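Undergrad: Chains as they are written, first to last, in UniProt numbering: chain H, 1 to 335; chain C, 1 to 459. Glycine included, C-beta positions come from ideal geometry on N, C-alpha and C. Every value quoted in this text rests on a predicted model; they were computed, and no experiment measured them.
1. What does the alpha-carbon distance come out to for the pair residue 187/C and residue 155/C?
2. Distance cutoff 8 angstroms, beta carbons only. Does residue 35/C sit that close to anything in chain H?
3. Using only the alpha-carbon positions, how far apart do residue 14/C and residue 412/C sit?
4. Does the distance from the CB of residue 161/H to the CB of residue 149/H come in under 8 angstroms?
5. Using CA atoms only, rank isn't needed, just tell me which of 215/H, 143/H, 221/H and 214/H is closest to residue 196/H.
6. Show which residues of chain C have a CB atom less than 8 angstroms away from the CB atom of residue 210/H.
7. Where does the unbroken beta strand (DSSP E) through residue 162/C begin, and where does it stop?
8. Where does residue 199/H land, buried or exposed, given buried means 16+ other C-beta within 10 angstroms?
9. Check whether the Cβ of residue 224/H lies closer than 7 angstroms to any heavy atom of the ligand NAD, and answer yes or no.
10. So that I know if they touch, is there some Cβ in chain H lying closer than 8 angstroms to that of residue 411/C?
11. Per DSSP, what are the beta-bridge partners of residue 168/C in this structure?
12. Counting only Cβ pairs nearer than 8 angstroms, list the residues of chain C close to residue 322/H.
13. Quick one: what does DSSP say residue 425/C is sitting in, helix, strand or coil?
14. Consider the Cβ of residue 244/H: report whether some Cβ of chain C lies at a distance smaller than 8 angstroms.
15. Note the first and the last residue of the continuous alpha helix (DSSP H) segment covering residue 453/C.
16. In the DSSP assignment, the beta strand (DSSP E) including residue 293/H goes from what residue to what residue?
17. For a test of the three-state rule: what should DSSP assign to residue 305/H, helix, strand or coil?
18. So, under 8 angstroms CB-CB, residue 192/C and residue 77/H are touching, yes? Tell me the CB distance rounded to an integer number of Å.
19. Sort 63/H, 156/H, 134/H and 226/H by Cα distance to residue 183/H and report the nearest one.
20. Just to confirm, are residue 146/H and residue 425/C a CB contact at a threshold of 8 angstroms?
21. Taking 7 angstroms as the limit between beta carbons, can you name the residues of its chain near residue 111/H, skipping five residues before and five after?
22. So, does the region 10–30 of chain C touch the region 400–420 of chain C, judging by three or more C-beta pairs under 8 angstroms?
23. Sort 50/C, 397/C and 434/C by Cα distance to residue 17/C and report the nearest one.
24. Please confirm whether residue 109/H and residue 85/H have their CB atoms less than 8 angstroms apart.
25. Helix, strand or coil: which one does DSSP assign to residue 78/C?
26. Given this structure, state the Cα-to-Cα distance separating residue 100/H from residue 436/C, to the nearest angstrom.
27. Which residues, in order along the region 143–174 of chain H, keep a beta-carbon less than 8 angstroms from a beta-carbon of chain C?
28. Note down the Cα distance separating residue 144/H from residue 423/C, rounded to an integer number of angstroms.
29. Among 440/C, 453/C, 432/C and 451/C, which residue has its Cα nearest to the Cα of residue 470/C?
30. Residue 102/C by DSSP, collapsed to three states: which one?
31. Under 8 angstroms between the Cβ atoms of residue 449/C and residue 125/C?
32. Take the Cβ of residue 8/H as the centre, count every other Cβ of all protein chains shown within 10 Å, and call the residue buried at 16 or more, exposed below.
33. Per DSSP, residue 107/H is paired with what?
34. Closest Cβ-Cβ distance between residue 73/C and chain H: below 8 angstroms?
35. Any C-beta of chain C sitting closer than 8 angstroms to the C-beta of residue 36/H?
36. Please say whether residue 416/C and residue 427/C have beta carbons closer to each other than 8 angstroms?
Structure (structure tokens):
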């Protein structure tokens, strides 16, 4: 099949180059590239290469639209405005105009982080109390302090920090200073919605019966806990109860802090005991070069299939699956 | 895993919104509309939604891998108000005929309710890709440490990421609540900073020295220019202020007004939080420069006795400014000294510098500069040393955020990020709350729902 030539772009003058036989003397790398019968009068601006009949790529409609958008409507997204968000569609909080359920929520400002760090590390307040005071989730409080400690350590060690990056990024994000009169930062009394409780139940109960949260939990399943048992800071509920009973707000708050501190100490004590018990099960033998640690295990503890993950040792007939093709060996946790 | 090569990753013809900060992606995002679905069969609707949503959520992850991760049970949370919990045991909701008592007119009985939740449905359908957000590479992208999920993946593979202090080279590592991941600062700065621009003058014939100077100017760009302008403005303002306070009687009443204005402007420069300046500020600073020149000329013509002193002040200032353009290490050392000095001064002056300005007639002089002016200069030096010009870096220095970045800048709530050390903690799994979903997805709920239905695999 002869090479196809696109109809409209074809120029008969150019076509001549291909139809006419080339004299043998002119076949050399340099002259082969230059057509003999170059249209001298007005070469088409579309054709950058004379031997090609394909028109030069033109800017498409979409690409032109993109260029225009970059220069006009989109220009405002190019550089970040000073100290405010710059999301698509003139919204201060919604980065994706189509999705009304996702909001860019404020992050803790440097000042707020310092306040939290100071409350924990300088004043020695319990985590729960700091969380309740600033309306910041306990896990976030812990994370802030953990990372601030690393930051301070790096500062002491003269390691370079990404100050310029931090300043630029935080200027682009909505921020919370955790000051009086600001909106609450985030809900701190979250409870997980158990999938059993998402179904609709019809439970007959007499009109005179006090059908409480605990009864409702039981109706969903024997093992379902009521919200009261799932609260992250149950001491807060106790404080509110004290307030309802007429206790002075100051005294109620003092008692809350005391209870929070006690519960945290008890938790730490439990952790310590657990670590101690684990240590007692071990026998350490230090040979100078190695430290051997012996622990008593029960070889019968292999689970119903004989392949329990925590079972110790190699068992006859239970091959290791880690060499099997396609087996994922990504660690599941990092200590 | 070998990466699939994608042609037309940011295509305009068949647009897909991707997890990147690319400007083509931004354009595609601005054009993103929910397609017209009514004319399509249910299968077509699901297929289309699936391909659109998967084009954004982990397009670098193979489909079978994602299908293994998919869970039809999304996590949700609800806030329980302690005050409500303390006052009610929940039985009031089951009172009467089983759904709570009402007033005679059908309205609710006033009293405490469970506050802290929006009065909307929980958008479970926007949570399909929540398991994806657990992946290390996507979490790095969400923490704004990389400009795309693929780049984040590369960071992990190249060993620039640690999880809980240990090197982690699996981009598919699923973070557990409480895991802290850290990315190498230089990588983050490279990924999020402006790229080094090739020399625009290279096309022209090379004149060794002149072209170098020009190159510097081109590379520095606007922000540096303005920063320099600010420094100069402040410095000259300071010089002017010093000279004028010395030469008090001659043109006291005449220059008092200008002086005060200069000072307040210098103060403005000092209180400015960031190096990023807008056109208005730039303009104001330029105007200030012109004004300072004018006043200086005027005082010279007036044949002051204090001209020599003024020159000395100028010399001092030029010294200070030349210190700013020293090499990086020297600069760092200087800046350290400066910080210490600055802190001392802060202690001496008390927290409110403006108060000193008002009361002290700026007479507390160290050399010829007032303490106030020194503070301004030292602050500027400190700022400069934190973000110096350094040609050895792989990004344009002084560091500036890259273009087209700000529309993508958000940090979801399940992460807590410390940008100074480029570390973030994965606090918990993303959850849905009444009216809110924590999974950042650009698609409308209807598309997400159809995609969810696709993965339910119910024909």
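TA: Well, looking at it:
1. 8 angstroms
2. no
3. 29 angstroms
4. no
5. 221/H
6. 89 and 91
7. 161–163
8. exposed
9. Absence of the ligand NAD from the depicted structure is noted, as is the absence of any ligand whatsoever, leaving it without description.
10. yes
11. In the DSSP output, where bridge partners are listed per residue, residue 168/C has none listed.
12. The contacting residues do not exist; residue 322/H stays about 15 angstroms from chain C at best.
13. strand
14. yes
15. 445–456
16. 291–295
17. coil
18. No, residue 192/C and residue 77/H are not in contact; Cβ-Cβ is about 16 angstroms, not under 8 angstroms.
19. 134/H
20. yes
21. 177
22. yes
23. 50/C
24. no
25. strand
26. 8 angstroms
27. 143, 144, 146, 147, 148, 150, 151, 154, 160, 161, 162, 163, 164, 165, 166, 167, 168, 169, 170, 171, 172 and 173
28. 11 angstroms
29. Look at the range of chain C in this structure, 1 to 459, and you will see that residue 470/C is not part of it.
30. strand
31. yes
32. Only weak support is given to the placement of residue 8/H: the predicted model assigns it a pLDDT of 44, under 50, and the question is left unresolved by the model.
33. 175/H
34. yes
35. Interpretation of residue 36/H is limited by its pLDDT of 41, a score under 50 that renders its predicted location unreliable; the figure taken from the coordinates is listed afterwards. So, not an interface residue.
36. yes
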